[in-house]
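So the mapping is simple: the working numbering equals the position in the sequence shown, first residue as 1, plus 5.
Even for Gly, the Cβ is constructed at its ideal location relative to N, Cα and C.
Take a look at the structure below.
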Amino acid sequence: MDHFLYRDGILHAENVPLPEIAAAVGTPFYCYSVATLSRHYRLFDEALSWGDHLVCYAMKANSNLAVVKLMADLGAGVDVVSIGEYLKAKAAGMPGERIVFSGVGKTRDEMRIALEGGIRQFNVESEPEMIALNEVALSMDTVAPITVRVNPDVDAKTHAKIATGKSENKFGIPISRAHEVYAMAAAMPGLKVVGIDVHIGSQLTELEPFELAYAKVAELTRDLRAAGHEITRLDLGGGLGIPYARSNEAPPLPTDYGAMVQRVLGDLDVEVEIEPGRLIAGNAGVMVSKVIYVKEGEGRRFLILDSAMNDLIRPSMYEAFHDIVPVVEPEPGKDLTEYDVVGPVCESGDTFAKGRVLPDFKADDLVAFRSAGAYGAVMSSEYNSRPLIPEVLVSGEHFDVIRARPTFDDLINRDTIPVWL
Ligand SMILES: *Cc1c(COP(=O)(O)O)cnc(C)c1O
6 MDHFLYRDGI LHAENVPLPE IAAAVGTPFY CYSVATLSRH YRLFDEALSW GDHLVCYAMK
66 ANSNLAVVKL MADLGAGVDV VSIGEYLKAK AAGMPGERIV FSGVGKTRDE MRIALEGGIR
126 QFNVESEPEM IALNEVALSM DTVAPITVRV NPDVDAKTHA KIATGKSENK FGIPISRAHE
186 VYAMAAAMPG LKVVGIDVHI GSQLTELEPF ELAYAKVAEL TRDLRAAGHE ITRLDLGGGL
246 GIPYARSNEA PPLPTDYGAM VQRVLGDLDV EVEIEPGRLI AGNAGVMVSK VIYVKEGEGR
306 RFLILDSAMN DLIRPSMYEA FHDIVPVVEP EPGKDLTEYD VVGPVCESGD TFAKGRVLPD
366 FKADDLVAFR SAGAYGAVMS SEYNSRPLIP EVLVSGEHFD VIRARPTFDD LINRDTIPVW
426 L
């Protein structure tokens, strides 16, 4: 459940009518709901309440400082994948001991900054990275807490671009080589092994791939302990999917996920970490856009919006489906029309939906893209010199801009013309 509902025929974000925000900040814009974000965090927290755990919000899904601050206040940790995210998390008030650092290509500079600022653990993904981290820690006269990310070679049954747990993917070390790599880590005085990490992909709509992966991690935990390693923490990654098309998808709920984790790992006496991103932020956000033109093509009708692939790239990049709804609720029984919903960018790829059946629209009508809170604003760009769109946060009756729309001067002044030109 989210908090974007029609009231008196107008789509609201919590208690705020979306047209009111559109009038204040212009279109297009992203809008997030505090109540929904909080609810999703709590669902995970409760689903793991049978044991020691920390929900580490994967902030790459939505890294706005206000969203991260909300998570910090709720008691969450974060999963970061760059030092930029690390510094943003710190700036939002996230304590270092709740920050987990993931990613295949952490540089020595990134390691140094995180060790200086405080870190819960590094999820190490390769031997060369392990050697580098050991050297950096020793040079700072400190010890880096680590897990090793293992690649369990399971099929996550999701889009190829966001599957990460098969042996051909670039992530982690093959689980078959884990013993060797843990022995290597144990021999490095700059590292302290605290656990095992696994993350098999994103937008998973079944529990089975998770369960297969976690069963392998459980077995590995027992084996590594038998070999003398101290495994006190299991980082189980993120990846639980959300329903994008409301009608025909029912991905597992956090409650079912938590129960499965307990069944597979509950007897290991470990602290469990999970890293959900999409499920926390996805359905907690919408992108609101305005119709510029309705254009009659040959055998098709185009709905041309003021938002485009640079603002929300998921449909072009992952063939992703987003529910597109009118902000003013159509009267029952009103005519429906088939539209190709597109943006103004000069690429045919700038298509949000083809042949989508929607109520009749006219110029200046507002539409909302649902499920746009994760991997929306964070993946946007200024392609076609279209300024990034603003982000708004709603709580009850309040709304505030949490990232302002850059001006055209900002856009122009970002570049520099060399004096010799
Ligand atoms: C992307 C990512 C996540 C979050 O995935 P979601 O599908 O958004 O839950 C968690 N952990 C790691 C290591 C990731 O790369």
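{"Asked": "Lysine 197 to isoleucine 124, Cα distance in whole Å?", "Found": "13 Å"}
{"Asked": "Can you check which of these residues, Arg12, Ile26, Ser144, is closest to methionine 292 by C-alpha distance?", "Found": "Ile26"}
{"Asked": "Applying the 10 Å Cβ sphere with the 16-neighbour rule, what's the burial state of leucine 241?", "Found": "buried"}
{"Asked": "Closer than 8 Å by C-beta to serine 385: which residues in its own chain qualify, once you throw out the five before and the five after it? Chain order, please.", "Found": "Asn315, Asp316, Leu317, Ile318, Leu393, Ile394"}
{"Asked": "Express the C-alpha separation of glutamate 51 and glycine 80 in angstroms, rounding to a whole number.", "Found": "12 Å"}
{"Asked": "Can you tell which of Pro335, Phe326, Pro364, Glu336 has its C-alpha closest to the C-alpha of glutamate 343?", "Found": "Pro364"}
{"Asked": "Is aspartate 345 helix, strand or coil when you go by DSSP?", "Found": "strand"}
{"Asked": "Near methionine 76, which residues of its chain fall below 7 Å by C-beta distance, leaving aside the five closest residues on each side in sequence?", "Found": "Tyr46, Tyr62, Val83"}
{"Asked": "Would you say tyrosine 323 and lysine 74 are within 8 Å of each other, going by their C-beta atoms?", "Found": "no"}
{"Asked": "Roughly how many angstroms separate the alpha carbons of glutamate 216 and glutamate 336, rounded to a whole number?", "Found": "45 Å"}
{"Asked": "Considering only DSSP beta bridges, list what asparagine 156 is partnered with.", "Found": "Pro179"}
{"Asked": "Pull up the distance between the alpha-carbon of aspartate 261 and that of valine 148, whole angstroms please.", "Found": "37 Å"}
{"Asked": "Regarding glutamine 208 and ligand 1, is the C-beta to nearest heavy atom distance less than 7 Å?", "Found": "yes"}
{"Asked": "On a CA-only basis, which of Asp345, Gly233, Gly108 is nearest glycine 302? Give me that one, please.", "Found": "Asp345"}
{"Asked": "Is the CB-CB distance between leucine 16 and valine 362 below 8 Å?", "Found": "no"}
{"Asked": "Counting only runs of 4+ residues fully inside the stretch 294-339, write out the alpha helix (DSSP H) ranges in chain order.", "Found": "319-323"}
{"Asked": "Leaving aside the five residues before and after leucine 416 along the sequence, list all residues of the same chain whose C-beta is less than 8 Å from its C-beta, in chain order.", "Found": "Glu387, Ser390, Pro392"}
{"Asked": "Does DSSP classify arginine 375 as helix, strand or coil?", "Found": "coil"}
{"Asked": "Express the C-alpha separation of arginine 12 and leucine 225 in angstroms, rounding to a whole number.", "Found": "52 Å"}
{"Asked": "Under a Cβ-count criterion, where at least 16 other Cβ atoms within 10 Å of its own Cβ denotes burial, should lysine 300 be classed as buried or exposed?", "Found": "exposed"}
{"Asked": "What residue range is occupied by the uninterrupted beta strand (DSSP E) comprising leucine 363?", "Found": "356-364"}
{"Asked": "Hey, would you say valine 296 sits closer than 8 Å to aspartate 369, going by beta carbons?", "Found": "yes"}
{"Asked": "Write down every uninterrupted run of the alpha helix (DSSP H) in the stretch 46-75 whose length is 4 residues or greater and which is fully enclosed by it, in chain order.", "Found": "none"}
{"Asked": "Under the criterion of a Cβ to heavy atom distance below 7 Å, does histidine 164 qualify as lining ligand 1?", "Found": "no"}
{"Asked": "So does glycine 82 have its beta carbon nearer than 7 Å to some heavy atom of ligand 1?", "Found": "no"}
{"Asked": "Let me make sure I understand the geometry here. Which of Ala358, Ser376, Gly360 has the alpha-carbon closest to that of tyrosine 249?", "Found": "Ser376"}
{"Asked": "If distances are taken between C-alpha atoms only, which option among Gly282, Arg230, Val86, Glu140 comes closest to alanine 66?", "Found": "Gly282"}
{"Asked": "Should tyrosine 35 go down as buried or exposed, given a rule of 16 or more other Cβ atoms within 10 Å for buried?", "Found": "buried"}
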